[in-house]
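Colleague:
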Amino acid sequence: MAHLRLRGERGYWAVAAPPSSGRECIQGEDRYCLGAYGGGEQAERGFLGLWASGLRSMIAQNEWSDIINGRHPIVKSIWGNRGDQFEWKGALTCVMLEALKLQQIPASQEGTTHVLWRQSAWHSLLREGTASDWSSSETGRRMLVAVLCLMRILMGSSIAEGEPDAGSKQLCQRVWDMVTLRMNKHKGISSSNKIETLDEYLDNLSLLPGETLAERTSLGFLLSIFHGLSECCQYERNYDLTSLIVTNGWDLSPMGSCTMEGGQFSCSGGTGETPKAQLNIWTTGKHVLVKESDAAQPRSLELLDTHTGKALSHSPTSPGDGTGMDTRMFNWIQEKQTSPTNQSIVIFKNGRPVQQPPKPQPTSQKKAEQEETLKGGTAEYGGRSGSSVKEIQRTDDAEARRGEVGTLATGIESPPPVRRERVEDHRGQGITEPKMKKQAPPDDVSLHPNSTPNHSTLPRAEEGQVSENLGIGGIIGGVVSMIMGMATVYGMYRVYFRKEKGSKRSKTKHTSFSGKLKYMKGSVNPGD
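Residue numbers for the sequence shown, in UniProt numbering: 1 to 528.
(1) I'd like to know if the region 121 to 138 and the region 45 to 53 are in contact, where contact means that at least 3 CB-CB pairs between them fall below 8 Å.
(2) For the alpha helix (DSSP H) that M96 lies in, which residues bound it at each end?
(3) Secondary structure at P417, three-state DSSP: helix, strand or coil?
(4) Pick from G80, W250, C258 and S137: whose alpha carbon is nearest that of D203?
(5) Please name the residue in A17, Q61, E87 and Y12 whose C-alpha comes closest to that of residue 570.
(6) Measuring only the C-alpha atoms, how far is V466 from V479?
(7) Given R141, which residues of its chain have a CB within under 7 Å of its CB, disregarding the five upstream and five downstream residues?
(8) Between G285 and the rest of its own chain, which residues show a CB-CB distance below 8 Å, the 5 nearest in sequence each way excluded?
(9) Would Y235 be called buried (16 or more neighbouring beta carbons within 10 Å of its own) or exposed?
(10) Identify which residue in P106, L144 and G129 has its Cα closest to the Cα of R118.
(11) Compute the Euclidean distance between the alpha carbons of D66 and R45, then round it to the nearest angstrom.
(12) Roughly how many whole angstroms lie between the Cα atoms of A149 and P209?
(13) Span of the beta strand (DSSP E) holding Q264?
(14) Assuming N238 contacts Q278 under a Cβ cut-off of 8 Å, what Cβ separation, rounded to an integer in Å, is found between them?
(15) Helix, strand or coil for E211? Go by DSSP, reduced to three states.
(16) What is the rounded straight-line gap between the Cα of Q170 and the Cα of G111?
(17) If you follow the alpha helix (DSSP H) that N114 is in, where does it begin and where does it stop?
(18) By a C-beta neighbour count over all protein chains shown, 10 Å radius and 16 as the cutoff for buried, is Y12 buried or exposed?
(19) What are the start and end residues of the beta strand (DSSP E) that includes M260?
(20) Check for me: the alpha helix (DSSP H) holding S53 runs from which residue to which?
(21) Buried or exposed: L75, going by 16 or more other Cβ atoms within 10 Å of its Cβ?
(22) Can you check whether the CB of E292 is closer than 8 Å to the CB of V246?
(23) Could you compute how far the alpha carbon of residue 540 sits from the alpha carbon of G22?
(24) How would you call L6, buried or exposed, if buried means at least 16 neighbouring beta carbons within 10 angstroms?
(25) Can you find the residues in the same chain that come closer than 6 Å, C-beta to C-beta, to L241, ignoring five residues on each side of it along the sequence?
(26) Please report the straight-line C-alpha distance between G256 and E29, rounded to a whole angstrom.
(27) Rounded to whole angstroms, what is the Cα-Cα separation between Y496 and G485?
(28) With distance defined between alpha-carbon atoms, name the residue in S191, V179 and S224 nearest to L205.
(29) If you draw a straight line from the C-alpha of A16 to the C-alpha of M183, how long is it?
(30) Going by DSSP in three states, A166 sits in which element: helix, strand or coil?
(31) Under 8 Å, with one C-beta from each stretch per pair, do the region 191 to 199 and the region 93 to 101 reach the 3-pair mark?
(32) In or out: H493 buried (at least 16 other Cβ within 10 Å) or exposed?
(33) Since Q234 sits in a beta bridge, which residues does DSSP pair it with?
(34) Output needed for I26: all residues of its chain with C-beta closer than 7 Å, excluding positions within five of it in sequence on either side, in chain order.
(35) Under 7 Å Cβ to Cβ from S168, same chain only, skipping five residues before and after it: list those, please.
(36) According to DSSP, Q278 sits in a beta bridge with which residue or residues?
Here it is, written out as structure tokens:
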């Protein structure tokens, strides 16, 4: 296996000493003296934010001491047995310094120049902050270890030589997974799956959440390390990105090798005679060392109390509803059902949410017809239909409300409600006439997986509320009926069982009254 070594003109890094205590380090002379970066609090989107937040978990705190003492297998994997401990430490500093100095990496795509990397991005990657001497700050040490991992993966891993050693994989796997270059899935056999140019490659490179089409930040980050390697190290082979790419059905083998010429990244291929280091996007016969499945799903958000910092518990379900529905959602549904604006309810049709249109409001013409009908009913039934009309309207509203709740809970439209019209005959007795129009549910309406069209727990809860409202009126009516019945019984008792006694009393009163009249007549003075 080929190994790295310092380029001849960079040999002075082999003898560079670490910063001495009591003085500031000097960039370009002292080992690990790379400058202060980061320290900002602003969160970044896309790859920059993922790297900044994941650096602490990618590299353990104790890894630096094992590496700096030369005991870790990755040192031998990169430099071989002949690697001098001062040389590889100087080479690591040189690679990192050249990557930091690179102002930008432009790439031409279909006549348009896109900037794949900007120098200012380092402050975002190192958001937690570094000291000028990176070996004296935790973030700086973690970043240097991560760069070692990237140097190793860019060296490639051929199938003939085997994968990297277990120690290197254990140290670096999370870093490699973080910089995975995942292609969009190929759409099928109807179109060619061959990618030959940089334009085609960039067009089909998958974006991370928060990135735009003009951004390929993870690729730009890798290219900055490639630039540092090409400036500081000699390598007998081309550097390679194969181990980091998930092709998802694309064939990248037709692509030519890439170079950084004059700060411009291009993949026009070449004869291999250029002194500049070259980078292969894809090489047949190399190991892919990252997960080929889709990226891991993001963790669910956790709500924290701003005062205690503890996780907030989920809202309990509404008691007695039996639906497992969040209390706030349950209350919102009830509010919408009773809202005077008659807002629509959402149902599920063909597996997709469909908005049920609001109930049509009666037009002015229909209102006039209803008023005329009510007037006719009043005249026909002796002016008693007013209370009956109110009862009809209250019953219809309750039935309509139950129908809407049933639609939401079961995912299908409920049959039209039974309309009970209460009228009165010429004797004043109430007659209830049910009217129902049967309607089968549409074929394309899908049921909620946890409910049936005839047994919904949510309508029961709503029916309980309606029954409670209607039950109050029933209780009052029953009490009034009992009072009227008692009054009737008492009246009959007075008429039939106390008739004789009542007659004597009536005669006595009549006689007394007559006597008084006679007395008064006799006492009147005729002269007055």
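By construction, the Cβ of each residue, glycine as well, lies at the ideal position given by its N, Cα and C atoms.
Modeller: In short:
(1) The region 121 to 138 vs the region 45 to 53: in contact.
(2) If you look at M96, you'll find it in the alpha helix (DSSP H) that goes Q85 to K101.
(3) With a pLDDT of only 47 at P417, under 50, the local geometry of the prediction cannot be trusted, and the value read off the model is given with reservation. Three-state result, P417: coil.
(4) W250
(5) Absent from the model: residue 570. The displayed extent of the chain is 1 to 528, so no value can be given.
(6) With a pLDDT of only 47 at V466, under 50, the local geometry of the prediction cannot be trusted, and the value read off the model is given with reservation. One C-alpha to the other measures close to 21 Å.
(7) Excluding residues within five positions, the ones whose Cβ falls inside 7 Å are W64, W134 and S135.
(8) S158, I159 and A160
(9) The residue is buried, with at least 16 neighbouring Cβ atoms inside 10 Å.
(10) The candidate whose alpha carbon is nearest that of R118 is P106.
(11) Each residue's alpha carbon lies about 33 Å from the other.
(12) In the sequence as displayed, the identity of residue 149 is Cys instead of Ala. Whole-angstrom Cα-Cα distance: 24 Å.
(13) Q264 to S266
(14) 5 Å
(15) coil
(16) 42 Å
(17) The sequence given here places His at residue 114; Asn does not occur at that position. Counting along the chain, H114 falls outside any alpha helix (DSSP H), though it belongs to the beta strand (DSSP E) covering T112 to R118.
(18) exposed
(19) Residue range T259 to E261 is occupied by the beta strand (DSSP E) that includes M260.
(20) G46 to M58
(21) Before going further, note that residue 75 is Val rather than Leu in the sequence given. Counting Cβ neighbours within 10 Å, V75 comes out buried, since at least 16 surround it.
(22) yes
(23) For residue 540 there is no data in the structure shown, the boundaries of the chain being 1 and 528.
(24) buried
(25) For L241, where only same-chain residues beyond five positions count, the Cβ hits under 6 Å are I281.
(26) 37 Å
(27) Rounded to the nearest angstrom, the two C-alpha atoms are 17 Å apart.
(28) It is V179 whose Cα lies nearest to the Cα of L205.
(29) 41 Å
(30) helix
(31) no
(32) In the sequence as presented, His is not what sits at residue 493; that position holds Tyr. Y493 is exposed by the Cβ-count criterion.
(33) R5
(34) C33
(35) The residues are P73, I74, S77 and R152.
(36) None; Q278 has no bridge partner.
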